[in-house]
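Top line first, the protein sequences correspond to chains A, B and C. Going by the working numbering, the first residue of the first sequence is number -7, and it counts up by one from there. Going by the working numbering, the first residue of the second sequence is number 22, and it counts up by one from there. Going by the working numbering, the first residue of the third sequence is number 221, and it counts up by one from there.
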Amino acid sequence: MATVKINGKEITVEDGTLILEAAKGAGFDIPTMCYHARLSKLASCRVCLVEIVGQKKLQPSCVTPVMHGMEVLTESPVVKSARSSMIELLLANHPLDCPVCDKGGECELQDVTFKFGPRNSPFGERKRRFHEEDYILSPVIIQNINRCIQCKRCVRICDEVVGASVLGSIERGAKTGETSFVKEYLDCDHCGNCIEVCPVGSLMSRPYRYQSRPWDLKGVDTVCTYCGTGCQLTVQARNGEILRVISKPDKGINNETLCARGRFGYSFINSHERFVTPMIRKGGTLEPVPWNEALKAIKDGLTEAMKDGRKTGGIASGRLSNEELYLFQKLMRGVFKTNNIDSGSRWNTGAVKSFANVMELNKGGISVYDALNADTLFIIGSSISDENPITDYLIRRLSRNKKMNIIIASPRGLKLDSSATLSLRHRPAAEGDILGGIAKVIYDKNMDKLKDLTGKEHLKNISRENIPDLTWTDWSSIESVSGFMLSANSITIAVGNDVLRGPSRIESMHILAEALRLLGKDVKLFPVFDRANQRGAWEMGVHPDILPGYSFRDGDGLGSEGIIDAASRGEVGALYVVGEDIVSDFPDGGFVREALRQVKFLIVQDIFLTETAKMAHVVLPGASFVEKDGTFTNQEGRVQRLRKFIEPQGDAKADWEIIASIGEAVEPSFHYGSVSDIFKEIKGAVPMYRGIDFEGLDGNGAIVKGSGIGGQGAGVVAGFSLRPKSEVRSQEQETPDPEYPFILITGNHLYHSGRLSLKADTLRDILPEAVVEMNEEDAKAMGVSKGDKVKVKGDRYEATLTAHINKRSVRGVVFIPENFTDVPVNMFFTKGKGFPRVKVLPLSSLSPQGRGPG
Amino acid sequence: MLSEGAVKEINELTGKYANSRSVVMPALYVVQREYGYITEEGMREVANILGLRPIQVFEIATFYTMYNKKPVGKYHIQVCTNISCSLLGAEYIVDVLSKKLGIKVKETTPDKKFTLSAVECLGSCGTAPMMQINDNYYEDLTEEKIEEILKSFR
Amino acid sequence: MFEPIILKNINVPDSFKIETYLNNGGYQAFKKALKLNTDTIIQMVKDSGLRGRGGAGFSTGLKWSFIPKDPTIPKYLCCNADEGEPGTYKDRAIIEKDPHQLIEGMAIACYAIGAANAYIYIRGEFALGADRLEDAIREAYSKGYLGKNILGSNFSLNIYVHRGAGAYICGEETALLESLEGRRALPRIKPPFPAQVGLFGKPTVINNVETLACVPHIINRGASWFASIGPAKSPGPKLFGVSGHVNKPGLYELPMGTPLREIIYTYAGGIKGDRRLKAVIPGGVSAPMLIEKDLDTPMDFDSLAAKGTMLGSGAVVVMDERTCIVKAALIIHEFFHHESCGKCTPCREGLDWIVKVMRRVEHGEGKEGDIDLLLKLCGDVFGRTFCPLGDGAVMALRGAINNFKEEFEYHVKNKRCMVNGAGR
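Dropping the structure here:
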């Protein structure tokens, strides 16, 4: 600890505290321009210079640590005059075009000038001008270099946090400007974090350009619903029209950062394509009806459909709130008397149960910051850079300043590879075997200490010989990963939901974690989800075998696949689908379409008329995330508030209200008046949520605590077997077909998530059409380069797409995002068969006019 | 496109440094030699070879003055106009050259043979006034000497 | 007459070849050093009193002693051959004429600090110098003075030449490191100092060419011999590059502390045409100019500092009575403006503003109050920049204004020059 005097006030702070921070703590405001708490230190603006008694030169407080006994003056005449001079110098070439600058009113340069700057200036020279017209750097970024004050926050955040490294400084001295390569269109994440950290109006948001003055905006702090990272964001609107989303440095795990989806993916809210009244199918077409009529139709329809003992089922999205999901499962279990429920339709229901088990979700959440405080971080089963951009940013930023070995295992090359110590490229769905291989090496090296390792007999099936075939990874890489884990004291294993897409045998994860723990390692398991409330969905019990609070059971309930199977056999009377487009998501598009035709009564609740909704008997207009209250539980297990900001469009209603109304229509006691009432009930049903104060949830939310179910120490709960019965045939047992040399995998794209993002025009501008991503060598072998049109052909579907090249992806795999309506990637899939095989045909001869369908 | 030899040369340079990013500067010299100046294509190629983003090469190319961002003549005449040379008539030297070549500073003769530049100190102050033509220094300049030098290049 | 030490071989035919160097006793110091304990060598360099010849004048031995001793950590030596201070051409002479002297000095330094790799950062314009160094390094490898297990010892060393590409700021040691790492040459925050975190994040010593060239002589002839040359606090031989209005411009090797008057009048042959001296820059353009009355100042670090200027690189630029100081100051300021890296506000914006005012003052378009404005701006910049470049720029300008205020004022008032402009 160091005791220092700041402006005569004595304070004691930690050793190494920067003068700037110490002064802030003592209540003295030192202005800064280039300083940014979470970026590398620059000390270049010199606005934060302070006087240290006994030193001749003023020192930048943003990089100078306090020393015991130091006396600092932040308000002395020389400091004030230096500060004022620096601001004057910054203003000298600044255009002062504040009236037409988007930043006016929230400009840091304005603010420091107002507070600390000179009141006049003798500067009378011609100002430097780099350009007259602003540069359009991306669909979302527009730049006016004339206003730049060289703080380089944009360059730093782009490089150190985002990892795109597309901004830089060009020229030098007074001619220096921060921009892109030859001022060309940026090939980057389009996250707009450069805009967020720009203190002046140099980098600006194109969608927000000339839209409003900041003081005319009203905003709400809420949580992003695009992925499992759970970023805090602030939605701002003028006269009820949403004009922008910003991030706040002091809010949420994401601080100032957001991704393209979070920052620019909001315009679907005001989309004219939304349907905003309930509709009932009358004579083949859906026709608007008032709510009471729709509810009556539902009540009647259900009664009719459930005659003859036909089944009912429900599928709800992992993007609904906890309250909605809780209510949904309660409605299904309590009113519809069924356990046939699931969240989403992309994944194997049995695999989900295993995942929840091996990842020890019932033990409570873990802060991402705790998870990243490890010697070794192993990431598997997630295209984390694309699916969870802010998690990627956090890892990159935090790993810059500490020794953490990052190991990534994935079929696709990821942006985060550049921060990794080791990247493994593997065959799709080989995650379980890789984890098993690692466990095997660890077991073989420590047999004496691991005598009691549960499940060790399963490791027999993995060997140095079969690993290359099973995983396309060599044994030495597996050994390297084991080496990193064995040499670490703390290990975090982050597992993404890609392991649920195929028969990944994720159960090996448990053996690995157990082995490491027996060896005395601190092992943390960190789930990575693409759906914002996937964890909440399971915690609320939206799964046939999971009751609220991870009360696991082995029952006869059906998951999505079971429901759809049953439907195809004509056994399903009523199906209630909320926020999911199973026709587009279920890995066999044709099959699910046929199956849904057999459903007697299909209720679909959504905000757009999805492919599934188009088949419904009743469609109900739900609300977007800014139109309703609730809570979301992100992948960390962090419960955060979703806050209502505007009224739902038209007759649309919050989804929880709709679910409650349906319940009430059938069973009058099923009545809920508010989200907080539902949350109260959740606290009773889900012990993990007991400690959470709904009203008190602030920007950082609250992390759920272990419930004690299954016992604190035990990783595996009753009813869990290492080999689920319903295992799908493994990919590797297939004989590769030379006709179809590629394995097709899917997932979310960096700019798109689910299908909502496609309705956000800015995101559509960034990536308007589906692409197929392939390895560079594979592309070269076919003579395909970036931007070429290619035809991807499977045995049941084909599509023409633009080729993207990923230098670091594994050969023999192509990736098509699952987000595009016109290329429904699930049409390539055959139910129960894992990842489809496809061939790629270059269409280089095709003229732009002659582009093929879709 | 960079020649095969040039690509090889750049790749080999990585052996000199603990970090391949260090190769940017020598690689840009290779680009300048191959293309005559720093081209956009050349910067992209360097970025690609060294595993950098193009901006990371562009940043360097624009920071250092010896990388020509525009084509220059076959003979790039750079006259020192800093203090020591200036005291001994650097301006006059520039005027003489300008008159003899028929171009102003920063210009290139129509036959693309000569480009005239005024530059900062070249570290030859004891032999001022002086100029550099391509890699060679020409010192203790007089009008007569310049005449002779130019003649040898024509 | 002082017997040249560093320049002793300079006029020998083929002085740059290893045979010539060896015939004149070359690499003997390195051989001797390899038999010495590294701490002994560092102590010798400390005891010699050798101070950095790049301009900062920091004790070379002390600098070496900051390098951690842990043999498992890689270390680097960087030779700062980015000679760019206007008026300076001493390092170029060593590099072009006697490169082995530098290589030998580097080899000893590397041995002393435990560096297995060294870089010579040579300014891009010195194409001949770079070629000579490459050739000399090749020769040294072939004779076994570089490479693996040098002269049968456990010491191995590689030396590489890295060419700059036109940026004065690379003379600043941390900017040089950035440049060597393939980045824009912007100075780094200190601490950490290069001795802890230098090139590629490893402990690094950065020494000037002339400094390293002194090292073999210290080893050969002893620390006390070196310390006996010139003033006690900044001893040794020093290269003075004289330029401008003198009869015999050139490079003179003299003991530190030789009075400025002696350098100009005894060695450089006095002012051309017997005109009067108006001003003299004693140590490259960053050093504020001196006038007639200061000519008896001994040319060493401390004596010049006491006069409010500095020894810098030892580049003596002489201006006669016909010189327009305003124009000279503008030329110098244009240089700094051109070379500012742009990192920090006061240097980037301050020098830009100053140059705009200076241009109009020099061109006869000055306004009343401009001189005060210049002084105010100098004050805004001084002591507040990130690195010494901005300080050098405003010190030079302040020096000119303070010594010749009436000339500046004349420019503003009469819209023309008091003298006839820089003569030929």
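All residues carry an ideal CB built from backbone N, CA and C; glycine is no exception. Bear in mind the structure is a predicted one, so any value in this text is a computation, not a measurement.
Excluding the 5 residues preceding and the 5 following residue i in the sequence, name in chain order all residues of the same chain whose CB lies nearer than 6 Å to its CB.
| i | result |
| --- | --- |
| Ala499 (chain C) | Met509, Ile511, Met539 |
| Arg523 (chain A) | Gly310, Arg311 |
| Ala169 (chain C) | Outside the displayed span of chain C (221 to 644) sits residue 169 (chain C), for which this structure offers no information. |
| Pro579 (chain A) | Asn818, Phe821 |
| Val802 (chain A) | Pro403, Arg417 |
| Arg408 (chain C) | Thr394 |
| Gly490 (chain C) | Asn467 |
| Val117 (chain B) | Glu164, Ile167 |
| Arg145 (chain A) | His28, Val189 |
For a contact meaning CB atoms closer than 7 Å, what does residue i contact in chain A?
| i | result |
| --- | --- |
| Thr83 (chain B) | Ile162, Glu163 |
| Glu61 (chain B) | Val174 |
Closer than 9 Å by beta-carbon distance: list the chain B residues that pair up with residue i, in chain order.
| i | result |
| --- | --- |
| Ser157 (chain A) | Leu73, Arg74, Ile76, Gln77 |
For the beta strand (DSSP E) containing residue i, list its first residue and its last residue.
| i | result |
| --- | --- |
| Ile170 (chain B) | Run containing Ile170 (chain B): none in the beta strand (DSSP E); it sits in the alpha helix (DSSP H), 164 to 174. |
| Lys886 (chain A) | Chain A is shown only over -7 to 846; residue 886 (chain A) falls outside these bounds and no answer can be derived. |
| Glu43 (chain A) | 41 to 44 |
| Cys101 (chain B) | 96 to 101 |
| Met46 (chain B) | No beta strand (DSSP E) holds Met46 (chain B); the alpha helix (DSSP H) holding it covers 45 to 56. |
Going by other Cβ atoms of all chains shown within 10 Å of its Cβ, with 16 needed for buried, is residue i buried or exposed?
| i | result |
| --- | --- |
| Pro566 (chain C) | buried |
| Asn337 (chain C) | buried |
| Glu141 (chain B) | buried |
| Gly450 (chain C) | buried |
| Ala773 (chain A) | exposed |
| Gly570 (chain C) | buried |
| Asp7 (chain A) | exposed |
| Gln47 (chain A) | exposed |
| Phe606 (chain C) | buried |
| Arg54 (chain B) | exposed |
| Glu43 (chain A) | buried |
| Asn157 (chain B) | exposed |
List the residues of chain B whose Cβ lies closer than 8 Å to the Cβ of residue i, in chain order.
| i | result |
| --- | --- |
| Arg312 (chain C) | Gly144, Ser145 |
Name the chain C residues that come within less than 8 Å of residue i, Cβ to Cβ?
| i | result |
| --- | --- |
| Glu80 (chain B) | Arg403, Arg404 |
| Phe108 (chain A) | What Phe108 (chain A) touches in chain C: nothing, since even the nearest Cβ is about 14 Å away. |
If distances are taken between C-alpha atoms only, which option among the options comes closest to residue i?
| i | options | result |
| --- | --- | --- |
| Gln416 (chain C) | C:Ile261, C:Gly304, C:Ala332, C:Pro288 | C:Pro288 |
| Phe174 (chain B) | B:Lys133, B:Arg42, B:Thr83, B:Glu62 | B:Lys133 |
| Gln263 (chain C) | C:Ser279, C:Gln248, C:Ala249 | C:Ser279 |
| Ser533 (chain C) | C:Leu322, C:Ala329, C:Glu473 | C:Glu473 |
| Cys143 (chain A) | A:Gly220, A:His182, A:Ile245, A:Ser36 | A:Ser36 |
| Glu890 (chain A) | A:Asp384, A:Ile638, A:Asn481 | In this structure chain A extends from -7 to 846, so residue 890 (chain A) is not present and cannot be described. |
| Tyr380 (chain C) | C:Cys298, C:Ile315, C:Lys368, C:Gly461 | C:Cys298 |
| Ile134 (chain A) | A:Val153, A:Arg164, A:Cys183, A:Asp103 | A:Cys183 |
Could you list which residues in chain A have their beta carbon closer than 8 Å to that of residue i, in chain order?
| i | result |
| --- | --- |
| Glu569 (chain C) | Leu81, Leu82, Ala84, Asn85, Ala166 |
| Glu55 (chain B) | Residues of chain A passing the Cβ test: none, with the nearest at roughly 19 Å. |
With a threshold of 8 Å on Cβ separation, who are the neighbours of residue i within its own chain once the five nearest residues in sequence on each side are excluded?
| i | result |
| --- | --- |
| Asn155 (chain B) | Tyr96, His97 |
Suppose the cutoff is 7 Å on Cβ atoms and the five residues either side in sequence are ignored; what does the same chain contact list for residue i look like?
| i | result |
| --- | --- |
| Asn623 (chain C) | Ala499, Met509, Ile511 |
Grab the span of the alpha helix (DSSP H) containing residue i for me, first residue to last.
| i | result |
| --- | --- |
| Asp292 (chain A) | 283 to 297 |
Anything in chain B within Cβ reach of residue i, meaning under 7 Å, just list it in chain order.
| i | result |
| --- | --- |
| Phe173 (chain A) | Pro75, Ile76, Phe79 |
| Phe420 (chain C) | Ala39, Asn40 |
What in chain C is Cβ-close to residue i, meaning under 9 Å?
| i | result |
| --- | --- |
| Asn103 (chain B) | Pro306, Gly307, Val505, Ile551, Ile552, Glu554, Phe555 |
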